[in-house]
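*Asks:*
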Amino acid sequence: MSARKTMTDMITGSAASEVTAAMVRVPAGRFTMGSDDHYPEEAPAHPVTVDSFSIDRNPVTNEQFATFVAETGHVTLAERVPDPADYPGADASLLVAASAVFTPPAHQVDLRDAYQWWSLVPGADWRHPQGPGSSIDELGGHPVVHVGYADAEAYARWAGKALPTEAEWEYAARGGAVGGEYAWGTELTPGGRHMANVWQGDFPHVNDRADGWYLTSPVGAFPANGFGLHDMIGNVWEWTADWWSAHQPAPASACCAGAADRANPTGGSRALSVDAALPPHARIPRRVIKGGSYLCAPNYCRRYRPAARLAQPVDTTTGHVGFRCVVRTAAAPSTSSQRVP
Numbered sequence: 002m003s004a005r006k007t008m009t010d011m012i013t014g015s016a017a018s019e020v021t022a023a024m025v026r027v028p029a030g031r032f033t034m035g036s037d038d039h040y041p042e043e044a045p046a047h048p049v050t051v052d053s054f055s056i057d058r059n060p061v062t063n064e065q066f067a068t069f070v071a072e073t074g075h076v077t078l079a080e081r082v083p084d085p086a087d088y089p090g091a092d093a094s095l096l097v098a099a100s101a102v103f104t105p106p107a108h109q110v111d112l113r114d115a116y117q118w119w120s121l122v123p124g125a126d127w128r129h130p131q132g133p134g135s136s137i138d139e140l141g142g143h144p145v146v147h148v149g150y151a152d153a154e155a156y157a158r159w160a161g162k163a164l165p166t167e168a169e170w171e172y173a174a175r176g177g178a179v180g181g182e183y184a185w186g187t188e189l190t191p192g193g194r195h196m197a198n199v200w201q202g203d204f205p206h207v208n209d210r211a212d213g214w215y216l217t218s219p220v221g222a223f224p225a226n227g228f229g230l231h232d233m234i235g236n237v238w239e240w241t242a243d244w245w246s247a248h249q250p251a252p253a254s255a256c257c258a259g260a261a262d263r264a265n266p267t268g269g270s271r272a273l274s275v276d277a278a279l280p281p282h283a284r285i286p287r288r289v290i291k292g293g294s295y296l297c298a299p300n301y302c303r304r305y306r307p308a309a310r311l312a313q314p315v316d317t318t319t320g321h322v323g324f325r326c327v328v329r330t331a332a333a334p335s336t337s338s339q340r341v342p
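Going by the working numbering, the letters in the sequence shown line up with residues 2 to 342, in that order.
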């Protein structure tokens, strides 16, 4: 705990505001989005071009989010009692203000059942990340968690920004590198150096904490990628603006072999993002989240890569999902002039 306090003290207060307020200008470019070598939802790999944009150097922190809430009075999704009309057929006793908290079991469990390590905890929210009795008093410089899509979107709007598309996010995460599994190269821990906050050990019951952290880490605690961005991989998953859909490469060009580039793709549709196989109360629209989190491990969820992606229901908040913002104006500065804490 003392190590955590020391690192947090280094980045909280006015210094944290200066560091986390910065945005990085990402040049327009072309890259290969997705991967054919890992999880099926990442395929097919396909060429994409994106226009230039600016993106937050770090995920939005508790300190920044607190300023937003203080100025706007925003009440997050996890703090609200769900409306039964939105969940036809759901058990009314489960419709309480709550959020999903990581609760590690004492032994190995079936990795196909995430309910073995996730618990819906009433009273868990961004101010109380582990539930009632917990706080963010020493976590001002850590990423805010337990925020739903609407919460992230409201913050972005207040700050004069937007949420990134999946293509923008993935391009930024790759840091200008060509090839390589990770945001920094071809090895997860090059030369034994930990490059991101992920799980070390036998998930979900043994974490060796070789990278120094068990849950979230302070933003900027790990090296930046080639664009100067921190925590694009690991720490917390991040919301994107795209509705969930399979990757859809552009059709082959009439003049040339292979697929043409997709320019500034924006994902699928709200209606098609829903998993129709679920019961009616669980058919919630889903957005793409990116980057993996402190719970990604070699023996489970190897999604600590730019190409990795998951479908997240917009009404679901957890202790390992946060966000960062972008600005798409033609001449956004390298250090944002937008409203920031």
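Yeah, the Cβ is synthetic: ideal placement off N, Cα and C, and Gly gets one too.
(1) Just the Cα atoms here: how many angstroms apart are R113 and N208?
(2) On the premise that S246 lies in contact with S274, defined as a C-beta separation below 8 Å, what is that separation, rounded to the nearest angstrom?
(3) Can you look up E239 in the DSSP assignment and give me helix, strand or coil?
(4) Of the residues P205, P41, G176 and P28, which one's Cα is nearest the Cα of A107?
(5) By the DSSP assignment, the beta strand (DSSP E) with A312 in it spans what residues?
(6) Determine the DSSP secondary structure at R287, reduced to helix, strand or coil.
(7) For Y305, which three-state DSSP category applies?
(8) Using 10 angstroms around the beta-carbon of T319, count the other beta-carbons present and answer buried if the total reaches 16, otherwise exposed.
(9) Let me confirm a value: V82 is counted as buried when at least 16 other C-beta atoms fall within 10 Å, else exposed. Which label applies?
(10) From which residue to which residue does the alpha helix (DSSP H) around A71 run?
(11) Along the chain, where does the alpha helix (DSSP H) that runs through R81 open and close?
(12) For a quick check, are the C-beta atoms of A125 and A79 less than 9 Å apart?
(13) So what's L95 in DSSP terms, helix, strand or just coil?
(14) Please determine, among D87, V49 and W200, the residue with the shortest C-alpha to C-alpha distance to P105.
(15) State the Cα-Cα distance for the pair F69 and A98, rounded to the nearest angstrom.
(16) Can you give me the Cβ contacts of L189 inside the same chain, cut-off strictly under 7 Å, excluding the 5 residues immediately before and after it?
(17) Would you grab the beta carbon distance between A86 and R58 for me? Rounded to a whole angstrom, and I think it's under 8 Å.
(18) Would you mind working out which of A101, W118, F103 and V102 sits nearest Q109, comparing C-alpha positions?
(19) In whole angstroms, give me the CA-to-CA distance for F54 and P123.
(20) Please classify T187: is it buried, with 16 or more other beta-carbons within 10 angstroms of its beta-carbon, or exposed?
(21) Nearest-angstrom Cα distance between M196 and H282?
(22) Quick one, which of G202, G177, E64 and T317 has its alpha-carbon nearest N300's?
(23) Skipping 5 residues on each side, what residues in its chain have a beta carbon closer than 8 Å to that of C297?
(24) Classify W170 as helix, strand or coil using the three-state DSSP reduction.
(25) Considering only C-alpha positions, which residue in the set G193, A93 and E171 is nearest to D232?
(26) Rounded to whole angstroms, what is the Cα-Cα separation between F103 and A261?
(27) Return the chain-ordered ranges of every alpha helix (DSSP H) run that is complete within the segment 128–174 and spans a minimum of 4 residues.
(28) For P224, which of G180, W127, T62 and G176 has the nearest alpha-carbon?
(29) Can you say whether S94 is buried or exposed, counting buried as having 16 or more other CB atoms within 10 angstroms of its CB?
(30) Does F324 pass the burial test, meaning 16 or more other C-beta atoms within 10 Å, or should it be called exposed?
(31) Over the uninterrupted beta strand (DSSP E) stretch that includes T50, give me the two end residues.
(32) Tell me which residue opens and which closes the beta strand (DSSP E) that F54 is part of.
(33) What are the partner residues of A298, as DSSP defines its beta bridges?
(34) In the structure shown, what three-state DSSP assignment does P106 receive?
(35) On the DSSP bridge assignment, give the partners of M34 in chain order.
(36) Under a Cβ-count criterion, where at least 16 other Cβ atoms within 10 Å of its own Cβ denotes burial, should L279 be classed as buried or exposed?
*Replies:* Short version:
(1) The count along the sequence shown starts at 1 and reaches residue 113 at position 112. The count along the sequence shown starts at 1 and reaches residue 208 at position 207. Taking the straight line joining both Cα atoms gives about 19 Å.
(2) Here the question's residue 274 lines up with position 273 in the sequence shown. Here the question's residue 246 lines up with position 245 in the sequence shown. Right, the Cβ-Cβ distance comes to about 7 Å (below 8 Å), so this counts as a contact.
(3) Within the sequence shown, the letter at position 238 stands for residue 239. Correct three-state label for E239: strand.
(4) Taking the sequence shown and counting its residues from 1, the one referred to as residue 107 is at position 106. Minimum Cα distance to A107 is reached at P205.
(5) Here residue 312 corresponds to residue number 311 of the sequence shown, with the count starting at 1. Taken as a continuous stretch (DSSP letters only), the beta strand (DSSP E) holding A312 covers R310 to P314.
(6) Within the sequence shown, the letter at position 286 stands for residue 287. It is a strand residue.
(7) Locating residue 305 in the sequence shown gives position 304, where the first residue counts as 1. DSSP places Y305 in coil when its eight states are reduced to three.
(8) Translated into positions along the sequence shown, residue 319 becomes position 318. Classification for T319: buried.
(9) Numbered from 1 along the sequence shown, position 81 holds the residue referred to as residue 82. With fewer than 16 other Cβ atoms within 10 Å, it is exposed.
(10) Numbered from 1 along the sequence shown, position 70 holds the residue referred to as residue 71. Per DSSP, A71 belongs to the alpha helix (DSSP H) from N63 to T73.
(11) Counting from 1 along the sequence shown, the entry for residue 81 is found at position 80. Looking at the DSSP string, R81 is not in any alpha helix (DSSP H), and its letter there is neither H nor E.
(12) Here residue 125 refers to the residue found at position 124 of the sequence shown. Here residue 79 refers to the residue found at position 78 of the sequence shown. Yes, the Cβ-Cβ distance between A125 and A79 is below 9 Å.
(13) Taking the first residue of the sequence shown as position 1, residue 95 is located at position 94. It is helical.
(14) Reading the sequence shown from its first residue, position 104 is the one you call residue 105. Residue W200 is the option with its Cα nearest to P105.
(15) Working through the sequence shown from its first residue, we reach residue 69 at position 68. Working through the sequence shown from its first residue, we reach residue 98 at position 97. Distance between the alpha carbons of F69 and A98: 21 Å.
(16) Taking the first residue of the sequence shown as position 1, residue 189 is located at position 188. The residues are Y183.
(17) Start at 1 with the first residue of the sequence shown, and residue 86 comes out as number 85. Start at 1 with the first residue of the sequence shown, and residue 58 comes out as number 57. About 41 Å separates the two Cβ atoms, so there is no contact after all.
(18) On the sequence shown, position 108 is the one that residue 109 refers to. Q109 has its Cα closest to that of W118, out of A101, W118, F103 and V102.
(19) Against the sequence shown, residue 54 aligns to sequence position 53. Against the sequence shown, residue 123 aligns to sequence position 122. The alpha-carbon atoms of F54 and P123 are separated by roughly 39 Å.
(20) Here residue 187 refers to the residue found at position 186 of the sequence shown. Exposed, because fewer than 16 other Cβ atoms sit within 10 Å of the Cβ of T187.
(21) For the purposes of this step, residue 196 is taken as the residue at position 195 of the sequence shown. For the purposes of this step, residue 282 is taken as the residue at position 281 of the sequence shown. Using only the alpha carbons, I get a separation of about 40 Å.
(22) Here residue 300 refers to the residue found at position 299 when the sequence shown is read from its first residue. For the residues G202, G177, E64 and T317, the minimum Cα distance to N300 belongs to G202.
(23) The sequence position of residue 297 within the sequence shown is 296, counting from 1. The answer, listed in chain order, is V199, W200, G235, R303, R304 and Y305.
(24) Mapped onto the sequence shown, residue 170 falls at position 169. Residue state, collapsed to three classes: helix.
(25) Here the question's residue 232 lines up with position 231 in the sequence shown. D232 has its Cα closest to that of E171, out of G193, A93 and E171.
(26) Looking up residue 103 in the sequence shown gives position 102. Looking up residue 261 in the sequence shown gives position 260. Using only the alpha carbons, I get a separation of about 42 Å.
(27) 150–159
(28) Taking the sequence shown and counting its residues from 1, one reaches residue 224 at position 223. The candidate whose alpha carbon is nearest that of P224 is G176.
(29) Translated into the one-based positions of the sequence shown, residue 94 becomes position 93. Flag for S94 reads exposed.
(30) The residue you call residue 324 lines up with position 323 of the sequence shown. So F324 counts as buried.
(31) Locating residue 50 in the sequence shown gives position 49, counting from the first residue. Per DSSP, T50 belongs to the beta strand (DSSP E) from H47 to V51.
(32) Translated into positions along the sequence shown, residue 54 becomes position 53. From DSSP, the beta strand (DSSP E) with F54 extends over F54 to D57.
(33) Your numbering for residue 298 matches position 297 in the sequence shown. Its beta-bridge partners are Y301.
(34) In the sequence shown, the residue the question calls residue 106 occupies position 105. The answer is coil: DSSP assigns P106 none of H, G, I, E or B.
(35) Counting from one through the sequence shown, the residue named residue 34 turns up at place 33. Per DSSP, H47.
(36) Sequence index remark: in the sequence shown, residue 279 carries index 278 (1-based). The residue is exposed, with fewer than 16 neighbouring Cβ atoms inside 10 Å.
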